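A.B. asks: Shown below is the structure under consideration.
There are 2 protein chains.
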Amino acid sequence: MSKTIGSISIIGSGNVAHHLGKAFAGHIKINSIYSRNKETANELAEDIHAFHANEIKDLIPSDLILICVNDDEIYSVLEQIPENQSVAYSSGSVGLTELPHRFDLGVIYPLQTFSKARNVDLFEVPFFIEATNEVFAQQLFDMAWLLSRKVIFATSTDRKNLHLAGVMVNNFVNHLDFLAEQFLKQNSMEWDYLKPLIKETAMKLQSKRPFEAQTGPAVRGDQKTIERHLSMLQGETKEVYQILTESIQKHHKA
Amino acid sequence: MSKTIGSISIIGSGNVAHHLGKAFAGHIKINSIYSRNKETANELAEDIHAFHANEIKDLIPSDLILICVNDDEIYSVLEQIPENQSVAYSSGSVGLTELPHRFDLGVIYPLQTFSKARNVDLFEVPFFIEATNEVFAQQLFDMAWLLSRKVIFATSTDRKNLHLAGVMVNNFVNHLDFLAEQFLKQNSMEWDYLKPLIKETAMKLQSKRPFEAQTGPAVRGDQKTIERHLSMLQGETKEVYQILTESIQKHHKA
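Keeping their order, the protein sequence lines are chains A and B.
The working numbering puts the first residue of the first sequence at 1, with every later residue one more than the last.
The working numbering puts the first residue of the second sequence at 1001, with every later residue one more than the last.
This is the structure:
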């Protein structure tokens, strides 16, 4: 049986560090926190009764250092950590072999969007695990299993694909909602009216496939409504309308 | 005080007829149902203990006939209804003056996506009301108020704008989710992994504005990740990625 991870130190104090830190604190001793942002690091450290380290070298020795920083900072953070220290990071898009090799290097990637103000039920969030060796991978798997019933071993390529799909269903969807908000604003109407529809659009997909859930003028071939909508739009919102309508019609034609 | 609507007959047996019929049946006598589709009309009639009429002319006389059919069928349905009969329809995109005038003609438009398999909480769904005269408009308002605490008088133009915004946050969002599903499928990965993210993306917007909720490589200006993502995509999914990334960057530049 592999040794379990009994203590963690965390580098980072953003949304992911905040949520993982709080969640793991219920199960594993969080020794210390370091972040470039002293203020949010201090808040998180206080929240989970951990030591707030002023430098990476001041972190309390722990079974694992969990790096929750932006993708482009992982490399420089890693350089400051002794090579015999076990390390995992939380990024979807940084491949394991893109980083300098160490014996215990791994990934624990939750496919979710986090913001500090919102509690997220981690229990159904998928966590993707990868590591430089199987024993360490199993340790990270067991650790993620403390939080979620959806823990999956996945390669760096899998993870990058998931991250890209995540950009589409989160970043791009959110931006469409933004464009719709802008359009209503230009026409002196309240954004709030859209909230129940935005919610139900997502809830429907918890039990239906997007192909079956598709409705509207594009899939109905209602060219009259499409033409009228295009005449009501301008700039890139019009372009977005056009390309997405064409794409719907391409995929739904008999 | 205006007379209240005490009885309804419904034309249509699709998703909207199904949901409005069931919801109103808890408050108002639904006399009869007619639909071209005899099977679903019969189901709905049985569900809400209404008479299933074989022809429009066989509908039981009622204070209101509620038309819940496709936009392009409203005109021909209206022609078969005596001119002194009060009528309302549920469409977002058909303007009141685009239809032949009658004394009591109105609209009761719920901004929501309906499917028979899913219960929707109508209480927070906005209903938009318009009519050819104020007394009838108030009657429709009161009727909608039985189901929802968000009832709003709105012009045909307002309604068309809302419908267009609805296409963006529902039809187009759903299609982005479809494209993400397709991408994962091509890479032998499960669609299910995306469900918690899709849900949280929508839930976040119940309390945050889309502009503040925006995250990801485009808003961070992470050109390296964007380039890699583009190299992983093909065809119109790539085009969609490009145009939405440009649009995010345009709106979020300092």
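Beta carbons are placed, not taken as given, at the ideal position from N, Cα and C, and that holds for glycine.
In this text, all values refer to a predicted model and were calculated from it rather than measured experimentally.
Would you say F1153 of chain B reaches chain A, if we count a Cβ-Cβ gap shorter than 8 angstroms as a contact?
C.D. replies: Chain A contact via Cβ: absent.
A.B. asks: Measure from the C-beta of T4 of chain A to each C-beta in chain B and report whether the shortest distance is under 8 angstroms.
C.D. replies: Output row for T4 of chain A: interface = no.
A.B. asks: Relative to the C-alpha of I1243 of chain B, which residue among A:E246, A:E239, A:S76 is closest?
C.D. replies: The option with the nearest alpha carbon to I1243 of chain B is A:E239.
A.B. asks: Restricting to runs no shorter than 3 residues, where is the beta strand (DSSP E) found entirely within the stretch 1021-1107 of chain B?
C.D. replies: 1029-1034, 1064-1067, 1087-1089, all fully within the stretch 1021-1107 of chain B.
A.B. asks: In whole angstroms, give me the CA-to-CA distance for F1024 of chain B and L1147 of chain B.
C.D. replies: 7 angstroms
A.B. asks: Only counting the same chain, and skipping five residues up and downstream in sequence, which positions put a Cβ closer than 7 angstroms to that of D1226 of chain B?
C.D. replies: One detail in the question is off: residue 1226 of chain B reads as Ile in this sequence, not Asp. Only P1217, A1218, T1245 meet the Cβ criterion.
A.B. asks: Along the alpha helix (DSSP H) that carries E212 of chain A, what are the first and last residues, could you check?
C.D. replies: 210-213
A.B. asks: Which residue wins for smallest C-alpha separation from E83 of chain A, given the options A:L64, A:L99, A:F103, A:D71?
C.D. replies: A:F103
A.B. asks: Would you please state the rounded distance, in angstroms, between the beta carbons of F1128 of chain B and R1159 of chain B? I believe it to be under 8 angstroms.
C.D. replies: Confirmed, about 5 angstroms.
A.B. asks: Considering only their Cβ atoms, is the gap separating L1176 of chain B from V292 of chain A smaller than 8 angstroms?
C.D. replies: With chain A covering only 1 through 254, there is no way to say anything about residue 292 of chain A.
A.B. asks: Looking only at its chain, what residues have a beta carbon closer than 8 angstroms to the beta carbon of T97 of chain A, apart from the 5 residues adjacent to it on each side?
C.D. replies: S156
A.B. asks: Quick check on DSSP: helix, strand or coil for F136 of chain A?
C.D. replies: helix
A.B. asks: Looking at the C-beta of G1014 of chain B, does it have a partner C-beta in chain A at a distance below 8 angstroms?
C.D. replies: no
A.B. asks: Going by other Cβ atoms of all chains shown within 10 Å of its Cβ, with 16 needed for buried, is P1210 of chain B buried or exposed?
C.D. replies: buried
A.B. asks: Give the interface partners of L172 of chain A over in chain B, defined as CB-CB distance under 7 angstroms, in chain order.
C.D. replies: Correcting the residue type first, residue 172 of chain A is Phe in the shown sequence and not Leu. When 7 angstroms is used as the limit between beta carbons, F172 of chain A is near these residues of chain B: L1176, L1244, in chain order.
A.B. asks: To the nearest angstrom, how far is it from the Cα of S1207 of chain B to the Cα of H1101 of chain B?
C.D. replies: 42 angstroms
A.B. asks: Report yes if the C-beta distance between T1201 of chain B and T40 of chain A is below 8 angstroms; otherwise report no.
C.D. replies: no
A.B. asks: With DSSP run on the structure shown, which of helix, strand or coil describes V16 of chain A?
C.D. replies: helix
A.B. asks: Per DSSP, which residues does E130 of chain A bridge with? Please list them.
C.D. replies: A:V107
A.B. asks: With burial defined as no fewer than 16 other Cβ atoms inside 10 Å of the residue's Cβ, what is the status of A137 of chain A: buried or exposed?
C.D. replies: By the neighbour-count rule (16 or more Cβ atoms within 10 Å), A137 of chain A is buried.
A.B. asks: For a test of the three-state rule: what should DSSP assign to I8 of chain A, helix, strand or coil?
C.D. replies: strand
A.B. asks: Are Y75 of chain A and E55 of chain A closer than 8 angstroms when you measure CB to CB?
C.D. replies: No, they are not a contact pair.
A.B. asks: Would you say Y1109 of chain B reaches chain A, if we count a Cβ-Cβ gap shorter than 8 angstroms as a contact?
C.D. replies: At least 8 angstroms separates the CB of Y1109 of chain B from every CB of chain A.
A.B. asks: Compile a chain-ordered list of the residues in the stretch 194-213 of chain A whose CB is closer than 8 angstroms to at least one CB of chain B.
C.D. replies: L194, K195, P196, L197, I198, K199, E200, T201, A202, M203, K204, L205, Q206, S207, K208, R209, P210, F211, A213
A.B. asks: Quick one: using the 10 Å Cβ neighbour count with 16 as the cut-off for buried, is G21 of chain A buried or exposed?
C.D. replies: buried
A.B. asks: Count the other C-beta atoms from every protein chain shown that fall within 10 angstroms of the C-beta of P1126 of chain B, then say buried if there are 16 or more, exposed otherwise.
C.D. replies: buried
A.B. asks: Applying a beta-carbon distance threshold of less than 7 angstroms, which residues of chain B neighbour S115 of chain A?
C.D. replies: Within chain B, the residues whose beta carbon sits less than 7 angstroms from that of S115 of chain A are K1204, listed in sequence order.
A.B. asks: Helix, strand or coil: how does DSSP classify F153 of chain A here?
C.D. replies: strand
A.B. asks: What three-state label does DSSP hand M1001 of chain B in the structure shown?
C.D. replies: At M1001 of chain B the pLDDT is 49, less than 50, meaning the model places this residue with poor confidence; the figure from the coordinates comes in the next sentence. Correct three-state label for M1001 of chain B: coil.
A.B. asks: Alpha carbon to alpha carbon, how far is I1248 of chain B from L1164 of chain B?
C.D. replies: Whole-angstrom Cα-Cα distance: 20 angstroms.
A.B. asks: Whose C-beta lies closer than 7 angstroms to the C-beta of A261 of chain A among residues of the same chain, with five residues either side of it excluded?
C.D. replies: Only positions 1 to 254 of chain A appear in the structure, and residue 261 of chain A is not among them; the question remains open.
A.B. asks: Just how far apart, CA to CA, sit I11 of chain A and F1178 of chain B?
C.D. replies: Cα-Cα distance, rounded: 36 angstroms.
A.B. asks: Under a CB-based cut-off of 8 angstroms, is K253 of chain A close to chain B?
C.D. replies: no
A.B. asks: Short of 9 angstroms Cβ to Cβ, which residues in the stretch 137-168 of chain A face chain B?
C.D. replies: Of all residues in the stretch 137-168 of chain A, K150, I152, A154, T157, D158, K160, N161, L162, H163, L164, A165, G166, V167, M168 have a Cβ within less than 9 angstroms of some Cβ in chain B.
A.B. asks: What does H1229 of chain B reach in chain A if we use C-beta pairs closer than 9 angstroms?
C.D. replies: S93, K160, H163, L164, V167
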